[in-house]
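Engineer: Just passing along the structure, written as structure tokens.
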Amino acid sequence: MATKKTPTSTELLKKTSASIEAPKKSSDIMIVITAAVLCVVMIVSSIIARTDNVTLKTLPAPELSEGQRGELGIDKNINEKNIDEYLNRSDSVYYDMRMLEDPAAYESIGGDRYLSGFIDGFEVIPYPYLASVKGLPEAVGQGYSGDALFTITDDGSYVANYQESDEILSSLFPKDKNIFLMCGGGGYAGMTKNLLVNKGWDPSKIYNVGGYWFYEGSNNVKVKEDNGTYSFWKVPYHNIDFNKLTKK
Amino acid sequence: MKKSTILKILVITIVVAIIFAAGALTIFWANNLPVTLDQQYYDHVEIIDINKDEYNELIADKKSFLIMIDNAGCTTTEKMREMMRGLPQQVTYYRIFWPEAKETNLKDYVKYFPSLAVVEKGTVKYYLRADSDDDAKYYNNAADLKSWLDSKIAH
């Protein structure tokens, strides 16, 4: 009959320490693994957030607003009321089509000839530099009548005035991107969309988001300061030096 | 139930229905009546530019008037301005620019310029909506705009 050997105190001590050591080692390993996994998760999520490939929402197709705003081409789904939800997309460009200083004397009818503010994320490229503007009210006198990349003919087509006109347009408005346009009330933005569509851009990628005057979101950049001065240095502005271009 | 009782109930129901219908029609009719402006606006014809303080004063004084909500430096308002200039001028009207207008009670009604608003005794009664298909014709055609004005302002 086999008898159970009673362990000595030394054996007991060894056994005890071994049984204690084993779980301690595995818990250390678990902590290290957990920390490593957390680090990897954080790094990956920060990379995803930076590239925003995952966070980009699908854009609703351009759809005209009702009434006179629709006639100007202002979008029903993306406009002054919700443009904040669509800013800073890597697949889009954003342009405000107003001039920094309009030569028309809007003061004569109680207005302001200077750009008083814009939405952060929009760059300013004046529509009158892209194509000739017609039909300003008599009271404001002569508007911008200087050089423009294109002239609108009586049949509504656009004739390039410079050899570089088409290239500049393509550079400013990449065809593979969504194009968000705005101005003061939606008029210049609508004219820009007409120009682009006429020149072969895909209308389903161009949004006239309306006018800065109706914007009440949280990305407003004030250019006209409270003391009445203008901080034009704040404006990301595209100038076109027509003297450097080649006339057709 | 007796026939006479049924008849009485029927008559009472019809009378009550007629009273309610007449009341509703009267309210509807009263709400759509053209506004008689204060006499001073009929005396001569002028376009008067005002700011928000002047507008608020008119509202506080319970005036009845016509006002155009405009914005300078914007191509979108040119057509309405032109149509208003071309119409046979029958009343003096005010013009206020959007930055001022949106700091008044006009902002509760008019969401986009350009627009016209008829104010009756200090309350905006009628106005044009630039974001409404129903009002689109008034923005495009001088004759339609005139008919709108004629239907909203008593002459």
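In order, the protein sequence lines correspond to chains A and B.
Residue 32 in the numbering used here sits at position 31 of the first sequence; the count goes up by one each step and never skips.
Residue 215 in the numbering used here sits at position 83 of the second sequence; the count goes up by one each step and never skips.
Cβ atoms here follow ideal geometry from the backbone N, Cα and C, with glycine treated the same way.
Flag W280 (chain B) as yes if its beta-carbon sits less than 8 Å from any beta-carbon of chain A, otherwise no.
Structural biologist: For W280 (chain B), no Cβ of chain A is located within less than 8 Å of the residue's own Cβ.
Engineer: Comparing C-alpha positions only, which one of A:V42, A:I180, A:L65, A:P61 sits nearest to L197 (chain A)?
Structural biologist: A:I180
Engineer: From the DSSP output, which residues share a beta bridge with S247 (chain B)?
Structural biologist: B:I201
Engineer: Once DSSP output is grouped into helix, strand and coil, what is the label at R213 (chain B)?
Structural biologist: If DSSP states are grouped into helix, strand and coil, R213 (chain B) belongs with the helices.
Engineer: For M183 (chain A), which beta-bridge partners are listed by DSSP?
Structural biologist: A:D97
Engineer: Can you name the start and end residues of the alpha helix (DSSP H) that E268 (chain B) belongs to?
Structural biologist: In the sequence on display, residue 268 (chain B) carries Ala and not Glu. Its alpha helix (DSSP H) spans residues 268-272.
Engineer: Is the beta carbon of L131 (chain A) closer than 8 Å to that of T193 (chain A)?
Structural biologist: yes
Engineer: For G157 (chain A), which residues of its own chain have a beta-carbon under 6 Å away from its beta-carbon, when the five flanking residues on both sides are left out?
Structural biologist: A distance below 6 Å between beta-carbons, with the five flanking residues on each side excluded, links G157 (chain A) to no residue of its chain.
Engineer: Looking at P231 (chain B) and M200 (chain B), is the spacing between their C-beta atoms short of 8 Å?
Structural biologist: Not a contact, by the Cβ cut-off of 8 Å.
Engineer: Secondary structure at F119 (chain A), three-state DSSP: helix, strand or coil?
Structural biologist: strand
Engineer: Terminal residues of the continuous alpha helix (DSSP H) containing I169 (chain A)?
Structural biologist: 166-173 is the span of the alpha helix (DSSP H), which, as asked, contains I169 (chain A).
Engineer: Can you name the start and end residues of the alpha helix (DSSP H) that R114 (chain A) belongs to?
Structural biologist: It is not in any alpha helix (DSSP H) - R114 (chain A) carries neither H nor E in the DSSP assignment.
Engineer: Considering I180 (chain B), what are the terminal residues of the beta strand (DSSP E) in which it resides?
Structural biologist: 179-181
Engineer: Excluding sequence positions up to five away, which residues of its chain have a Cβ less than 7 Å from the Cβ of D267 (chain B)?
Structural biologist: Contacts found: L260, R261.
Engineer: Chain A partners of F245 (chain B), CB-CB under 8 Å?
Structural biologist: Annotation: Cβ neighbours of F245 (chain B) in chain A (cutoff 8 Å, chain order): G186, W214.
Engineer: Using alpha carbons as the reference points, say which of A:A161, A:D85, A:V38 lies closest to Y95 (chain A).
Structural biologist: Residue A:D85 is the option with its Cα nearest to Y95 (chain A).
Engineer: Taking 8 Å as the threshold (C-beta atoms), are T154 (chain A) and N162 (chain A) in contact?
Structural biologist: no
Engineer: For S133 (chain A) and S146 (chain A), I'd like the C-alpha separation in whole angstroms.
Structural biologist: 7 Å
Engineer: For a quick check, are the C-beta atoms of K234 (chain B) and Y271 (chain B) less than 8 Å apart?
Structural biologist: no
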